[in-house]
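> Under my numbering, the first residue of the sequence shown carries the number 3, and numbering increases by one thereafter. We treat Cβ as the ideally placed atom computed from N, Cα and C, and that holds for glycine.
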Amino acid sequence: MRRKIAAGNWKMNKTLTEGQAFLNSISGESLPDGVELIIAPPHTHLAAMAQEAKGLSVAAQNCHWKESGAFTGEVSIGMLQDIGVNTVILGHSERREIFSESDEMIRQKVDACLETGMQVIWCCGEPLEVRQNENANAYIMGQLLSNLFHLAADEFSKLIIAYEPIWAIGTGETATPQQAQDMHKFIRLAVANHYNQSVADELPILYGGSVNPANAAELFRQSHVDGGLIGGASLKVDTFLEIARSFS
Ligand code: PGA
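1. In chain order, which continuous runs of the alpha helix (DSSP H) of length 4 or greater are located wholly inside the segment 43-68?
2. Quick check on M14: buried or exposed, where buried means 16 or more other Cβ atoms within 10 Å of its Cβ?
3. I'd like the span of the beta strand (DSSP E) that includes Y209, first residue to last.
4. Of the residues V239, E106 and E99, which one's Cα is nearest the Cα of P129?
5. Given 7 Å as the limit, tell me if I123 has its C-beta closer than that to any heavy atom belonging to the ligand PGA.
6. Terminal residues of the continuous alpha helix (DSSP H) containing K187?
7. Could you tell me how far apart the beta carbons of A177 and Y209 are, in whole angstroms, since I believe they sit closer than 8 Å?
8. Grab the span of the alpha helix (DSSP H) containing T89 for me, first residue to last.
9. Output the distance between the C-alpha atoms of N149 and K238, rounded to the nearest integer angstrom.
10. Three or more C-beta pairs under 8 Å: does that hold for the segment 33-49 against the segment 57-68?
11. If you draw a straight line from the alpha carbon of E157 to that of N195, how long is it in whole angstroms?
12. Can you give the beta carbon distance from G93 to C126, rounded, assuming they're within the 8 Å contact cut?
13. Go to K111, then tell me how far its alpha helix (DSSP H) extends in each direction, as first and last residue.
14. Using a 10 Å radius around the Cβ and a threshold of 16 neighbouring Cβ atoms, would you call Q145 buried or exposed?
15. Should S212 be listed as close to the ligand PGA, given that the test is whether its C-beta is under 7 Å from any heavy atom?
16. Quick one: give me the first and last residue of the beta strand (DSSP E) that N137 is part of.
17. Can you list, in chain order, the residues of its chain with a C-beta nearer than 8 Å to that of R223? Leave out the 5 residues immediately preceding and following it.
18. Out of curiosity, what's the CA-to-CA distance linking E103 and A219?
19. For Q181, count neighbouring Cβ atoms within 10 angstroms of its own Cβ and tell me buried if that reaches 16, exposed if not.
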C-alpha cells in the first residue's frame, strides 16, 4: 500500500492572514482513509502555519543546501526544521526555468535534505517540444540520473516524486490519465531497474499540472498515480478538499 498524497503548492500566492484562514476552514474536514494533505505556502507563512496546522503537513517551496553563509535571499534546512517544517519541494520547473536552478544545484539540495531528515517532494517534467518529439521518457530519465540516481537505496526510498509536465502547469491543459499513468509507470520501472522492486513499489509518485476537481478522480484512479501536486486549485479550500476526496 503506497501513500496517498494531495499536496498544495501555493507558489507566490496568499498573504499569511489568508493562509491562516485557509487552515482554519480546512481543519477538521473529513478525508478518505489514509489520505495525507501537504500545503506549501510562501516562506513568510511557514513558522505560523507550521504551528497552527492540524492534520496536515506544511512544506517549504525551496531551500538552500548549505547550513549558513553569504547567500542573500536563501533559507537553510536548519532554519526550516527549527520552525517545525520537515518537508520541502525541490526542482520545481519554475525554479529550474525562471530562477535557473541547475541539475547540480538540485542534486546538492536533495543530498542536504536527505542527510538532515527533510522529506523531499522532487519534481520532474518535460517541456512541450520534448513531448511533441516523443522524447519525454528520455528527458525524465536524464533528470532521474542527474538529480537522484546517485543516492543509496535507503536514501532514495525517503523521496516523494512529482511528475509535472511543464506544458500542463498553470495552462489548464492536463496530461490525460493515460499519459500520467504511462510516465509514472516508466519512472517506477526505472527505479526498479536502478534500485529494486520494493523501493519502486513503495515510491509515491504524484501527478502535477492543472489538476482540478473535475479531473482528479480519473487521474488518481490510475494504478501508478499516488496523488497530486496541485497549484491553482489548491488555493481554495473547497476545490483542494474536493481533489483530496477524489481518491477511490
Ligand atoms: P497547477 O500547478 O496545478 O496550477 O498547474 C501545479 C504545480 O506547478 O505544482
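This is what the structure gives:
1. 48-54
2. Indexing the sequence shown from 1 puts residue 14 at position 12. Answer is exposed; the Cβ neighbour count stays below 16.
3. To locate residue 209, count along the sequence shown from 1; it is residue 207. Element bounds for Y209: I207 to G210.
4. Position 127 of the sequence shown, counted from the start, is the residue given in the question as residue 129. Of V239, E106 and E99, the residue nearest in Cα terms is E99.
5. As a position in the sequence shown, residue 123 is number 121, starting the count at 1. I123: no, Cβ never under 7 Å from the ligand PGA.
6. Along the sequence shown, read from residue 1 onward, the residue named residue 187 stands at position 185. P179 to H196 is the extent of the alpha helix (DSSP H) around K187.
7. Within the sequence shown, numbered from 1, the residue matching residue 177 stands at position 175. Within the sequence shown, numbered from 1, the residue matching residue 209 stands at position 207. With a Cβ gap of about 7 Å, A177 and Y209 count as contacting.
8. To locate residue 89, count along the sequence shown from 1; it is residue 87. Not the alpha helix (DSSP H): T89 falls in the beta strand (DSSP E), residues T89 to L92.
9. On the sequence shown, position 147 is the one that residue 149 refers to. On the sequence shown, position 236 is the one that residue 238 refers to. C-alpha separation (whole angstroms): 32 Å.
10. yes
11. Mapped onto the sequence shown, residue 157 falls at position 155. Mapped onto the sequence shown, residue 195 falls at position 193. Whole-angstrom Cα-Cα distance: 16 Å.
12. Taking the first residue of the sequence shown as position 1, residue 93 is located at position 91. Taking the first residue of the sequence shown as position 1, residue 126 is located at position 124. Right, their Cβ atoms sit about 7 Å apart.
13. For the purposes of this step, residue 111 is taken as residue 109 along the sequence shown, with counting starting at 1. That run of the alpha helix (DSSP H) goes D105 to E117.
14. Within the sequence shown, numbered from 1, the residue matching residue 145 stands at position 143. That one is buried.
15. As a working note, residue 212 is residue 210 in the sequence shown. Yes, the beta carbon of S212 sits closer than 7 Å to at least one heavy atom of the ligand PGA.
16. The residue you call residue 137 lines up with position 135 of the sequence shown. First-last for N137: undefined, no H or E at that position.
17. On the sequence shown, residue 223 is found 221 positions in, with the first residue counted as 1. Taken in chain order, the residues that qualify are P179 and S250.
18. Position 101 of the sequence shown, counted from the first residue, corresponds to residue 103. Position 217 of the sequence shown, counted from the first residue, corresponds to residue 219. Cα-Cα distance, rounded: 33 Å.
19. Here residue 181 refers to the residue found at position 179 when the sequence shown is read from its first residue. Classification for Q181: buried.
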